[in-house]
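One structure is given here, and the rest of the page talks about it.
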DNA sequence: AAAAATAATTGAGACTATTCAATGTTTCAA
DNA sequence: TTGAAACATTGAATAGTCTCAATTATTTTT
């Protein structure tokens, strides 16, 4: 196992994370003492829906996809997580299990922070807690979008939603499409892979998007939004 | 307008709410001074998705349904809220708007609490804040279920999920079905009303449920769960 | 560089779910 | 108590989506 990196420390993360920014030096040191850093290889499962959640996970570096698994072995992709985002926050106070699975889209360095340690910080540092709650709220909003998309739209609208999501600046910086298969895109939209391929071709024919290898460029974002709106 | 009730006070709510239980007398009095109580009639909209959210709402008494509205004027029902639950919590730190709509299923008494007042309590009282966060987490979990249901199951599975949800003890106490139309049930499952009716008839024929007027009784919960699992 | 494995694409047919229209039922107010 | 309105049910036609199988392209391994 060369998976454990040589003692990385949390001071680095203070720079990049809006959450860690709220921590003072002694709090940072506290977290530093109570974490383990692990390197996950592309494709590996980082946490598994239903598994016991003893730690909160922090993406120190990498690209991670989060998804829900159903009994009939289908996946619904929730979102792509980047550097300096948390995984499994809601297991702190809620159920003691991960409510979703995550997998590395590329090699990713993950810090595992003990839940009690994390909870201690939350109670001792109000502005840290506020930042975390803010994160919850934004997240909830995205889940509502997802519900609306899956529950009230048909193929075109759902794929439009997916493309709009994947095309946000934040993900484009990472060349996100180079890490996603057609199946991945389909699992965002809640469609079969074949339907997704057919629709993408159709969108391309209508010059809404352009497809260059894995990369998908949006040529007509307004029309895409219109398709999303129409459902 | 006889909508404003004669100064009800928060001490009553301390008994029934797991949240208010965490507040001390002066905090209760503080909230009491910063709230307005309003009676909503059956069918009235209590808060509207997209509207400016200046208050956190608390269901002092009644029965409320929360739902998402899409552009193409479809509704997706999220959950039924009862006495002593909050509406619009996530507008405290997140967006300044309601992320979903709510409507009274029967006459309901709602307390409107100013957001800043509520926020003050959150920062001053850690265990109150923890209870609220806990609420978030449970809620999130339900949203995941919804996403999985809408995104990975077909009609039978989705309706099974809906019936399972509506049959929890907590809602049965309220004779929930007497307040729900077929359309309401359909909007929980993300189906058309007609498909819902057809499926209910089918479930009845298979003695999975019994239908007596508006009331729906579950005769075979295990089979219902199996249908849910199969998707 | 060839072979093997994986991913993307396409078409046809089967299945799923909705819409529209017609009819029956319940509720509620005048 | 009757009529109007809202709700529930049913059937038929249509539209939407998936599955399966075959083919082509790409990536990975040897």
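Chains as they are written, first to last, in the working numbering: chain A, 39 to 269; chain B, 39 to 269.
Glycine included, every Cβ here is placed at the ideal spot set by N, Cα and C.
Note that this is a predicted model, so its numbers are computed, not measured.
Proximity winner among the options, relative to residue i (alpha-carbon distances)
i: residue 84 of chain A; options: A/189, A/255, A/103, A/70; result: A/103
i: residue 115 of chain A; options: A/224, A/239, A/249, A/264; result: A/224
i: residue 158 of chain A; options: A/203, A/94, A/229, A/198; result: A/94
i: residue 149 of chain B; options: B/96, B/221, B/205; result: B/96
i: residue 266 of chain B; options: B/192, B/87, B/138; result: B/192
i: residue 244 of chain A; options: A/175, A/258, A/234, A/135; result: A/258
i: residue 139 of chain B; options: B/91, B/220, B/189; result: B/91
i: residue 173 of chain B; options: B/49, B/125, B/133; result: B/125
i: residue 190 of chain B; options: B/58, B/268, B/234, B/57; result: B/268
i: residue 147 of chain B; options: B/253, B/63, B/51; result: B/51
i: residue 254 of chain A; options: A/105, A/57, A/167, A/210; result: A/210
i: residue 117 of chain B; options: B/226, B/182, B/240; result: B/226
i: residue 176 of chain A; options: B/61, B/133, B/222, B/98; result: B/133
i: residue 57 of chain B; options: B/168, B/70, B/203; result: B/168
i: residue 252 of chain A; options: A/264, A/240, A/222, A/218; result: A/218
i: residue 67 of chain A; options: A/60, A/59, A/47; result: A/47
Per-residue burial, residue i [other beta carbons within 10 Å of its own, 16 or more giving buried]
i: residue 22 of chain A; result: One cannot answer for residue 22 of chain A here, as it falls past the ends of chain A, which runs 39 to 269.
i: residue 186 of chain B; result: buried
i: residue 87 of chain B; result: buried
i: residue 123 of chain B; result: buried
i: residue 74 of chain A; result: exposed
i: residue 49 of chain A; result: exposed
i: residue 260 of chain A; result: exposed
i: residue 216 of chain A; result: exposed
i: residue 165 of chain B; result: exposed
i: residue 184 of chain A; result: buried
7 Å Cβ shell around residue i - same chain, five flanking residues per side excluded
i: residue 212 of chain B; result: 101, 120
i: residue 72 of chain A; result: 151, 152, 155
i: residue 249 of chain A; result: 238, 242
i: residue 54 of chain A; result: 121, 122
i: residue 135 of chain A; result: 88, 89, 90, 91, 129
i: residue 65 of chain A; result: 159, 163
i: residue 256 of chain B; result: 201, 205, 247, 262
i: residue 82 of chain B; result: 141, 142
i: residue 214 of chain B; result: 118, 204
i: residue 170 of chain A; result: 57, 127, 160
i: residue 264 of chain B; result: none
i: residue 60 of chain B; result: 163, 165, 166, 169
i: residue 62 of chain A; result: none
i: residue 180 of chain B; result: 117
i: residue 240 of chain A; result: none
Proximal residues to residue i (C-beta, below 8 Å), its chain only, five neighbours per side dropped
i: residue 145 of chain A; result: 77, 78, 79, 80, 100
i: residue 208 of chain A; result: 120
i: residue 43 of chain A; result: Because the pLDDT of residue 43 of chain A is 45, which lies under 50, any placement of that residue in the model is unreliable, and the number read from its coordinates should be weighed accordingly. Cβ within range, chain order: 75, 76, 77, 147.
i: residue 39 of chain A; result: Confidence is the limiting factor: at residue 39 of chain A the pLDDT is only 38, short of 50, which leaves the residue's position unreliable, though a coordinate-based value still follows. Around residue 39 of chain A: no qualifying Cβ.
i: residue 70 of chain B; result: 47, 48, 49
Identified DSSP bridge partners for residue i
i: residue 115 of chain B; result: B/105
i: residue 124 of chain B; result: B/96
i: residue 193 of chain B; result: Bridge partners of residue 193 of chain B: none, in fact.
i: residue 253 of chain B; result: B/250
i: residue 77 of chain A; result: A/147
i: residue 85 of chain B; result: B/140
i: residue 135 of chain A; result: A/90
i: residue 153 of chain A; result: DSSP output for residue 153 of chain A lists no bridge partner at all.
beta-carbon residue i near the ligand GDP non-hydrogen atom, thresh 7 Å
i: residue 177 of chain A; result: What this structure holds is no ligand at all, so the ligand GDP is not there to describe.
Close Cβ partners of residue i (< 6 Å) along its chain, the five nearest in sequence each way excluded
i: residue 188 of chain B; result: 228
i: residue 220 of chain B; result: 231, 234, 235
i: residue 106 of chain A; result: 114, 138
i: residue 98 of chain A; result: 147, 149
| Can you find at least 3 beta carbon pairs, one from the stretch 159–166 of chain A and one from the stretch 104–111 of chain A, that sit closer than 8 Å? | no
| task | Specify whether the stretch 128–135 of chain A and the stretch 187–198 of chain A touch according to this definition: at least 3 beta carbon pairs, one from each stretch, less than 8 Å apart. | result | no
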